[in-house]
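Structure first, commentary second.
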């Protein structure tokens, strides 16, 4: 049975120039090494302002070789400390861009019974992972691309919430905002006592290049962080290129990102 595409953007207009078929697009993707994630307008997810999207270059895990079932699984995140605000943001992203019916299809595929998430309540991390994995399959979009856009959207979502003041007070440059993320999480913990946020540490910042440590017990979220950095850049009206230069390992629990900043 052919899958309905109602409520979604057509795929071919979103393809880069010169790509006339999915096969050509696949061959181009296979030639990209290191992985450039993603193209300006990747499959399935329409951008609000595609001309201002920033490129994200990833030199770490080859996310395009992993399927949602291997990248995001229930066994990956057996904890219960993901606040509902995160799931609400994911629901809003999907509903706004693809419609309520698509959200319901994704929720059903993920096996998630909850439809309305309470911001101040905690949920199993697995719910968020399952929703992201199901969204990747339903939208026929690589999981790393979906997470990247979710990271961008998260900044927009937070900027409209009652916690927008924290973003406004974080700083006026990329270095200032990225350096203030841990402090923002500390202040958020006053309202969200079970919060287990990631940690960010600016290693160096010369105004044009920022070296950033990102540490989290949650797996596979580097693309989300890349998108989050892009979302901050859009908010500050600058352009960034984010490079994942070092993946965490047994000797180093942090991923290292290079953020190159330029004016638009």
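Numbering (our numbering), first residue to last: 244 to 507. Quick reminder that beta carbons are idealized off the backbone N, C-alpha and C, glycines included.
Check residue i in the structure and name its three-state DSSP category.
i: residue 425; result: helix
i: residue 292; result: Unreliable placement is indicated for residue 292, whose pLDDT of 32 sits below 50; no coordinate value is reported for it.
i: residue 448; result: strand
i: residue 345; result: helix
i: residue 246; result: Unreliable placement is indicated for residue 246, whose pLDDT of 42 sits below 50; the coordinate value is still reported in the next sentence. In this structure, residue 246 counts as coil in the three-state DSSP scheme.
i: residue 350; result: helix
i: residue 368; result: helix
i: residue 380; result: helix
i: residue 324; result: coil
i: residue 283; result: Reliability of the predicted coordinates at residue 283 is poor, the pLDDT of 32 falling under 50, and the value obtained from them is presented with this limitation in mind. Correct three-state label for residue 283: coil.
i: residue 430; result: helix
i: residue 495; result: coil
i: residue 362; result: coil
i: residue 482; result: strand
i: residue 420; result: helix
i: residue 488; result: strand
What does the Cβ neighbour count give for residue i, buried or exposed, with the cut at 16 atoms within 10 Å?
i: residue 334; result: buried
i: residue 449; result: exposed
i: residue 473; result: buried
i: residue 274; result: Because the pLDDT at residue 274 is just 35, under 50, the model does not fix this residue reliably, and the value given afterwards should be weighed accordingly. The residue is exposed, with fewer than 16 neighbouring Cβ atoms inside 10 Å.
i: residue 184; result: The question about residue 184 has no answer here: the residues shown for the chain are numbered 244 through 507.
i: residue 418; result: buried
i: residue 400; result: buried
i: residue 447; result: exposed
i: residue 426; result: exposed
i: residue 384; result: buried
i: residue 382; result: buried
i: residue 276; result: Annotation note: pLDDT 27 at residue 276 (below 50); position unreliable, coordinate value reported separately. Exposed, since its Cβ has fewer than 16 Cβ neighbours within 10 Å.
i: residue 387; result: buried
i: residue 466; result: buried
i: residue 460; result: exposed
i: residue 361; result: exposed
i: residue 486; result: buried
i: residue 371; result: buried
i: residue 389; result: buried
i: residue 424; result: buried
i: residue 433; result: exposed
Would you kindly report the start and end of the unbroken alpha helix (DSSP H) that includes residue i?
i: residue 393; result: 386-402
i: residue 475; result: 465-479
i: residue 413; result: 407-413
Thinking just about the alpha-carbon of each residue, which of the options is nearest to the one in residue i?
i: residue 338; options: 458, 406, 358; result: 358
i: residue 367; options: 420, 429, 328, 472; result: 328
i: residue 391; options: 475, 470, 482, 484; result: 470
i: residue 363; options: 493, 331, 487, 421; result: 331
i: residue 377; options: 371, 353, 383; result: 353
i: residue 494; options: 487, 458, 465; result: 458
i: residue 464; options: 375, 324, 341, 446; result: 375
i: residue 513; options: 398, 506, 467, 486; result: No answer is possible for residue 513: it lies beyond the span of the chain, which begins at 244 and ends at 507.
i: residue 476; options: 439, 416, 496, 424; result: 416
i: residue 395; options: 404, 489, 468, 372; result: 468
i: residue 325; options: 336, 491, 369; result: 369
i: residue 445; options: 336, 421, 492; result: 421
i: residue 398; options: 490, 484, 478; result: 478
i: residue 341; options: 379, 482, 489; result: 379
What is the residue span of the beta strand (DSSP E) that residue i lies within?
i: residue 459; result: Per DSSP, residue 459 belongs to no beta strand (DSSP E) and is neither H nor E.
i: residue 500; result: 498-506
Are the segment 439-455 and the segment 499-507 touching by the rule of at least three beta carbon pairs closer than 8 angstroms?
yes
Give a yes or no on contact between the segment 406-422 and the segment 345-359, applying the rule of three or more CB pairs nearer than 8 angstroms.
Short answer: they don't touch.
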